[in-house]
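Remarks on the structure that follows.
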Amino acid sequence: MATWLCVKRCGACCHLDPTERPELEDYLCAEELEIYLSLVGADGWCIHFDRENRDCRIYSARPRFCRVRADVFQDLYGVEPEELNDFAIDCCQQQIEGVYGDRSPEMERFNAAVGWEEESGSGE
Ligand code: SF4
Ligand code: SF4
């Protein structure tokens, strides 16, 4: 089965443009929404995202909504811990498709890293 992990030099989820995430208000409280919007740069990318190295400049202090953790995903999205793996893989694929494209090298690297088989639609 496919196992979620965050691949290096991706950063697709750091493209925060709120026009591409219309459901933000459904899962972020007012305080977190304010933090989220304060991070959005003029180009739609997070102001803390290092575009050259494709990594987070404040990784250890990044907000809660940037963290792929069972307690965070349960609280924000109502995802049960046993569903986290598949949910996170789907989230990353959607985000990578939106930012880099569904046939991009980033998508290929992600799918290979997590062991996701395109033919079957899952890693099983
Ligand atoms: S989209 Fe997924 S793989 Fe890419 S940086 Fe975000 S968490 Fe990591
Ligand atoms: S704080 Fe870091 S992990 Fe969160 S969106 Fe910005 S660059 Fe990405």
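The sequence shown maps to residues 41 to 164 in this note's numbering.
Where a beta carbon is used, it is the ideal one built from N, C-alpha and C, also for glycine.
Rounded Cβ spacing between residue i and residue j (contact assumed at less than 8 angstroms)
i, j, result
"Asp83", "Gly51", "Wrong, their Cβ atoms sit about 13 angstroms apart, outside the cutoff."
Beta-carbon proximity list for residue i, same chain, < 7 angstroms, skipping 5 on both sides
i, result
"Val139", "Ala52, His55"
"Glu137", "Met147"
"Arg49", "Arg94"
"Ala110", "Pro121, Leu124"
For residue i: DSSP bridge partner residues
i, result
"Phe105", "Paired residues: none, contrary to the question."
"His55", "Trp85"
Residue i: CB within 7 angstroms of a non-hydrogen atom of ligand 4
i, result
"Arg104", "You won't find ligand 4 in this model; what it holds is ligand 1 and ligand 2."
Cβ shell of residue i (< 8 angstroms), same chain only, five flanking positions each side left out
i, result
"Pro58", "Leu64, Tyr76, Leu77, Val80"
Contacting residues, own chain, Cβ-Cβ under 6 angstroms from residue i (five flanking each side not counted)
i, result
"Gln133", "none"
"Ser144", "none"
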